[in-house]
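Asker:
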Amino acid sequence: MAFEIGLYSLGDHFTDPLTGYKPSATQRLNQLVEMAVLAEELGFDCFGVGESHQAFFTTQAHSIVLAAMAAKTKSITLFSSSSVLSTVDPVRLFEEFATLDHLSQGRIEVVLGRASRLGAFDLFGINPDDYDRIYDEKLELFLKLNQTPIITWSGEFRPALNRQEILPRPYRSKLVVHRAVGGPPASAIEAGRLGMNMMLATLGGPITSFKTSVDAYRQHAHLHGHEPQHLKVTIAGLCHVAATNQEAIDRIHPYLDQGFRALRKSPYPKEWLQEALNPKQALMIGDPQNIVNKLKAQIDTYHHHRTILQIDFGGMPTETIVEVMLMLAHDVIPQVKAYAAIKGL
4 MAFEIGLYSL GDHFTDPLTG YKPSATQRLN QLVEMAVLAE ELGFDCFGVG
54 ESHQAFFTTQ AHSIVLAAMA AKTKSITLFS SSSVLSTVDP VRLFEEFATL
104 DHLSQGRIEV VLGRASRLGA FDLFGINPDD YDRIYDEKLE LFLKLNQTPI
154 ITWSGEFRPA LNRQEILPRP YRSKLVVHRA VGGPPASAIE AGRLGMNMML
204 ATLGGPITSF KTSVDAYRQH AHLHGHEPQH LKVTIAGLCH VAATNQEAID
254 RIHPYLDQGF RALRKSPYPK EWLQEALNPK QALMIGDPQN IVNKLKAQID
304 TYHHHRTILQ IDFGGMPTET IVEVMLMLAH DVIPQVKAYA AIKGL
């Protein structure tokens, strides 16, 4: 598996804090599609769209956004980042992504998460007290759906299935499935036990703090008869690149601060960005060479297969997003991929 670098978006929807301009939902959704098109043109390996069901977002129906991307691209891998399995019917979600696999001719991947925010639980009448049990049950069902076209199954949170045929089958016979992981290593351990690919969110802090989850994942995959070298580890995180380190800090801070105030009810201290310039900090901030150094440090630490970067947040204008994409494509990716190849990735 050659090392991959891609992009993802959560589809947040904010007013630009510097200009006061807010795109319509139509404009923001089409901006996401055009980002995927440009990512393919620039040589990024993959592009993902997350799912959120609350204010400040446009990607409640993320599978439809992915379908629009599939229609306008030809080769780039598309994925969810992630799909909130806990609040949907696993059968319906499987049908949607199997259909997407056909529309994209085998370019779709699904990342299954539990939700880092509970807005969807309230919206769809899911008891958050069942947070762990409902995800575990629905994940078990989804994985079984991916293995066999005819299924008999029963559980607590969905009506039973009795020799039910699930159609369509994916374009490649089976979907590529990842488990979304964040926080303590318990979810990483479970992903390893099940032999699933893993997408690990690393939004801030020292990269060594996430190595525990990666190591535990591979250890438990091996203990349960899975070959870790055949399982993909994806590292996900925020990224902003500019001509100089200071310009990157100054340019991104208003957007991060706005997003944090809206979603987490707290400011984003600018000094955090200064600290994040350290190559061994997870947040990808700085000039192109600093981003290269950070990605090399991650490769040395995790020996992973894919890095995905979130570069659009907080109402950032299209021209800035495009500038970041161009700098990554021209000044970062070639160096990092050459380094990964030397490391055997």
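In this text, residue positions in the sequence shown follow our numbering: the first is 4, and each later residue adds one. For glycine and all other residues, C-beta sits at the position ideal for the given N, C-alpha and C.
(1) Excluding the 5 residues preceding and the 5 following A5 in the sequence, name in chain order all residues of the same chain whose CB lies nearer than 6 Å to its CB.
(2) Quick one: any contact between the region 276 to 291 and the region 240 to 250, if contact means 3 or more CB pairs under 8 Å?
(3) Measuring only the C-alpha atoms, how far is E326 from F17?
(4) Round the Cβ separation of V36 and K75 to the nearest angstrom and send it over; I've been treating them as touching at under 8 Å.
(5) Return the Cβ separation of F97 and G51 in integer angstroms, given the expectation that the two are a contact with Cβ distance under 8 Å.
(6) Could you pull out every residue in the same chain whose Cβ sits closer than 7 Å to the Cβ of A194, ignoring the five residues on either side in sequence?
(7) So E351 is in the alpha helix (DSSP H); what residue range does that whole segment cover?
(8) Please determine, among Q301, A42, R267, Y271, the residue with the shortest C-alpha to C-alpha distance to S212.
(9) Give a yes or no on whether the C-beta atoms belonging to R166 and I153 are separated by under 8 Å.
(10) Just grab the DSSP bridge partners of L266 for me.
(11) Please report the residue range of the beta strand (DSSP E) in which Q232 lies.
(12) Can you tell me which of the three DSSP states P209 falls into?
(13) Considering only the beta carbon of each residue, do L276 and H256 sit closer than 8 Å?
(14) Using CA atoms only, rank isn't needed, just tell me which of R110, V40, E230 is closest to K177.
(15) Buried or exposed: where does S27 fall if 16 or more other Cβ atoms within 10 Å of its Cβ makes it buried?
(16) Within the continuous alpha helix (DSSP H) that includes G122, where are the two ends?
(17) Do K214 and T155 count as a contact pair if the criterion is CB distance below 8 Å?
(18) Helix, strand or coil: how does DSSP classify N165 here?
(19) With a 10 Å radius around its C-beta and 16 neighbouring C-beta atoms as the bar for buried, classify F127 as buried or exposed.
(20) Output needed for V94: all residues of its chain with C-beta closer than 7 Å, excluding positions within five of it in sequence on either side, in chain order.
(21) Pull up the distance between the alpha-carbon of K297 and that of L41, whole angstroms please.
(22) Going by the beta-carbon positions, is the gap between F316 and D15 smaller than 8 Å?
(23) Nearest by alpha-carbon distance to T151: which of R172, G158, K141, H223 is it?
(24) Relative to the C-alpha of A70, which residue among H105, P187, S157 is closest?
(25) May I have a chain-ordered list of the alpha helix (DSSP H) segments no shorter than 4 residues that lie completely inside the region 276 to 312?
(26) For T89 and I129, which I take to be in contact (beta-carbon distance under 8 Å), what is that distance rounded to the nearest angstrom?
(27) Can you grab the Cα-Cα spacing for the pair Y271 / T102, in whole Å?
(28) Could you give the first and the last residue of the continuous beta strand (DSSP E) run that contains V113?
(29) Measure the Cβ-Cβ separation of E7 and H308 and say whether it is below 8 Å.
(30) Just reading off the beta strand (DSSP E) that V180 is part of, what are its end residues?
(31) Comparing C-alpha positions only, which one of V180, Y174, K141, V179 sits nearest to A163?
(32) Tell me the rounded alpha-carbon separation between V91 and Q249.
(33) Restricting to Cα atoms, I'd like to know which of I252, I210, R196, A251 is closest to E230.
(34) Quick one: residues in its chain with C-beta nearer than 8 Å to the C-beta of L21, no 5 flanking neighbours on either side, listed in chain order?
(35) What residue range does the beta strand (DSSP E) around A204 cover?
(36) Is any heavy atom of the ligand GDP found at a distance shorter than 7 Å from the C-beta of A194?
Answerer: In short:
(1) Along the sequence shown, read from residue 1 onward, the residue named residue 5 stands at position 2. Here the set comprises nothing.
(2) yes
(3) Your numbering for residue 326 matches position 323 in the sequence shown. Your numbering for residue 17 matches position 14 in the sequence shown. Answer to the nearest angstrom: the Cα atoms are 19 Å apart.
(4) On the sequence shown, residue 36 is found 33 positions in, with the first residue counted as 1. On the sequence shown, residue 75 is found 72 positions in, with the first residue counted as 1. Right, their Cβ atoms sit about 6 Å apart.
(5) Indexing the sequence shown from 1 puts residue 97 at position 94. Indexing the sequence shown from 1 puts residue 51 at position 48. About 18 Å separates the two Cβ atoms, so there is no contact after all.
(6) Numbered from 1 along the sequence shown, position 191 holds the residue referred to as residue 194. Excluding residues within five positions, the ones whose Cβ falls inside 7 Å are R182, V184, M201, Y220.
(7) As displayed, the chain neither begins before 4 nor continues past 348, which places residue 351 out of reach and without an answer.
(8) Position 209 of the sequence shown holds residue 212. Answer by Cα proximity: Q301.
(9) Counting from 1 along the sequence shown, the entry for residue 166 is found at position 163. Counting from 1 along the sequence shown, the entry for residue 153 is found at position 150. In this structure, I153 lies closer than 8 Å to R166 by Cβ.
(10) Taking the sequence shown and counting its residues from 1, the one referred to as residue 266 is at position 263. Beta-bridge pairing links L266 to no other residue.
(11) Translated into the one-based positions of the sequence shown, residue 232 becomes position 229. Note, Q232: premise wrong, no beta strand (DSSP E); not H, not E.
(12) As a position in the sequence shown, residue 209 is number 206, starting the count at 1. Strand.
(13) Residue mapping note: residue 276 aligns to position 273 of the sequence shown, counting from 1. Residue mapping note: residue 256 aligns to position 253 of the sequence shown, counting from 1. Closer than 8 Å, so yes.
(14) Working through the sequence shown from its first residue, we reach residue 177 at position 174. Checked all of R110, V40, E230; the closest Cα to K177 is R110.
(15) Walking along the sequence shown from the start, residue 27 turns up at place 24. Counting Cβ neighbours within 10 Å, S27 comes out exposed, since fewer than 16 surround it.
(16) Position 119 of the sequence shown, counting from 1, holds the residue named residue 122. Element bounds for G122: 122 to 126.
(17) Taking the first residue of the sequence shown as 1, we reach residue 155 at position 152. Taking the first residue of the sequence shown as 1, we reach residue 214 at position 211. Taking 8 Å as the Cβ cut-off, T155 and K214 do not qualify as a contacting pair.
(18) Locating residue 165 in the sequence shown gives position 162, where the first residue counts as 1. It is a strand residue.
(19) As a working mapping, residue 127 is identified with position 124 in the sequence shown. So F127 counts as exposed.
(20) Position 91 of the sequence shown, counted from the start, is the residue given in the question as residue 94. So the list reads L148, I169, once near-sequence residues are dropped.
(21) Translated into the one-based positions of the sequence shown, residue 297 becomes position 294. Translated into the one-based positions of the sequence shown, residue 41 becomes position 38. The alpha-carbon atoms of K297 and L41 are separated by roughly 24 Å.
(22) What you label residue 316 is simply residue 313 of the sequence shown in a count that begins at 1. What you label residue 15 is simply residue 12 of the sequence shown in a count that begins at 1. Contact: yes.
(23) For this step, residue 151 is matched to residue 148 along the sequence shown. Considering only alpha carbons, the answer is R172.
(24) The residue labelled residue 70 in the question sits at position 67 within the sequence shown. Considering only alpha carbons, the answer is H105.
(25) 291 to 305
(26) As a position in the sequence shown, residue 89 is number 86, starting the count at 1. As a position in the sequence shown, residue 129 is number 126, starting the count at 1. Sequence inspection shows Ser at residue 89; the Thr mentioned does not correspond to that position. Confirmed, Cβ separation roughly 6 Å.
(27) Within the sequence shown, residue 271 is the residue found at index 268, counting from 1. Within the sequence shown, residue 102 is the residue found at index 99, counting from 1. Whole-angstrom Cα-Cα distance: 40 Å.
(28) Taking the first residue of the sequence shown as position 1, residue 113 is located at position 110. Note, V113: beta strand (DSSP E), 111 to 116.
(29) On the sequence shown, residue 7 is found 4 positions in, with the first residue counted as 1. On the sequence shown, residue 308 is found 305 positions in, with the first residue counted as 1. Yes, they are a contact pair.
(30) Against the sequence shown, residue 180 aligns to sequence position 177. V180 -> beta strand (DSSP E) spans 179 to 184.
(31) Looking up residue 163 in the sequence shown gives position 160. Answer by Cα proximity: K141.
(32) What you label residue 91 is simply residue 88 of the sequence shown in a count that begins at 1. What you label residue 249 is simply residue 246 of the sequence shown in a count that begins at 1. Cα to Cα, V91 sits roughly 43 Å from Q249.
(33) Position 227 of the sequence shown holds residue 230. With distances taken between Cα atoms, E230 lies closest to R196.
(34) Against the sequence shown, residue 21 aligns to sequence position 18. So the list reads P257, once near-sequence residues are dropped.
(35) On the sequence shown, residue 204 is found 201 positions in, with the first residue counted as 1. A204 -> beta strand (DSSP E) spans 200 to 204.
(36) Of the ligands one can find in the structure shown there are none, so the ligand GDP has no counterpart to examine.
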